[in-house]
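Undergrad: Residue numbers (this note's numbering): 108 to 390.
The beta carbon of each residue, even a glycine, is placed where N, CA and C say it ideally should be.
Structure below; questions to follow.
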Ligand SMILES: [Zn+2]
């Protein structure tokens, strides 16, 4: 099965001692596309440095909603600067998190808005994190209204992106009608090990809804370990550190949900990745 990992924070501390080995293990496991997203200015610079050092890796630069309050004007200027590099293929991760609320809502919204503008300005898709508290959907509804207000699904995104997705819902979480509305705006959807968690049962229906050319998968490493990841010795993650080869578990789940063979899903994932991100040095 061909594989991609559209979202792995390999620049993060839990990979400090075995980063190079993890990258090699990922490609050895059949992963053909690997995207490392930032969550603040420093991690975005490190993501871009990884992409510049290894043409097989792509980077995204941006500020996570958790880090919205801590982002200074100088940090934002750095994000804009990094975003101009051709090896930064996307803007993010950014979005809204009304569950853990590490930054106040207003600051998350302001952070999201300038990322959406930067995506339109650069023609690089926004990578969007979106979580509400259990049983709620306020963040998802706010995200849709921010996307529409910024011109996604209208002529601003058509001018900047043509038929490419102007954004993607990373590590999908939310109700089916939210997914349908995002697809209506032209967005892509990426599934992670979150689909195996209680409360995320709608993901199975959404997996059948997404058109193949806008369907992605990811690990969100080091987070969201799917079933099967053994307890290891990495502190801070309940002993279960996720890494890109584990994306296969979500890939097989996806094939099952869609009634497709793993081979046909895999080829579709690589094609969808290449249709979503403009990569200056494919391969
Ligand atoms: Zn992430």
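What I want to know is whether the C-beta of residue 204 ends up closer than 6 angstroms to one or more non-hydrogen atoms of ligand 1.
TA: no
Undergrad: Our contact map puts residue 159 next to residue 143 with C-beta atoms below 8 angstroms; I'd like the distance itself, whole angstroms only.
TA: Not really, about 11 angstroms apart at Cβ, beyond 8 angstroms.
Undergrad: List the residues that DSSP assigns as beta-bridge partners of residue 165.
TA: 142
Undergrad: Alpha carbon to alpha carbon, how far is residue 317 from residue 215?
TA: 27 angstroms
Undergrad: Suppose contacts are defined by Cβ-Cβ distances below 7 angstroms. Is residue 165 in contact with residue 326 by that definition?
TA: no
Undergrad: Bridge partners for residue 202 per DSSP, in chain order?
TA: 236
Undergrad: For the alpha helix (DSSP H) holding residue 297, just list the boundary residues, first then last.
TA: No alpha helix (DSSP H) contains residue 297, which is instead part of the beta strand (DSSP E) from 295 to 298.
Undergrad: In this structure, what does DSSP give as the bridge partners for residue 75?
TA: Any property of residue 75 remains undetermined from this structure, which presents the chain solely from 108 to 390.
Undergrad: Quick check on DSSP: helix, strand or coil for residue 311?
TA: Residue state, collapsed to three classes: helix.
Undergrad: Quick one: residues in its chain with C-beta nearer than 7 angstroms to the C-beta of residue 385, no 5 flanking neighbours on either side, listed in chain order?
TA: The beta carbon of residue 385 is closer than 7 angstroms to those of 196 in its chain, skipping five residues each way along the sequence.
Undergrad: Please identify the residue among 329, 383, 374 whose C-alpha is closest to the C-alpha of residue 121.
TA: 329
Undergrad: Nearest-angstrom Cα distance between residue 265 and residue 203?
TA: Their Cα atoms are separated by approximately 24 angstroms.
Undergrad: Short check: CB of residue 272 to CB of residue 321, under 7 angstroms?
TA: yes
Undergrad: Looking at residue 147 and ligand 1, is the gap between the Cβ and the nearest heavy atom below 6 angstroms?
TA: In this structure, the C-beta of residue 147 stays at least 6 angstroms away from each heavy atom of ligand 1.
Undergrad: Verify whether the separation of the beta carbon atoms of residue 192 and residue 174 is less than 7 angstroms.
TA: no
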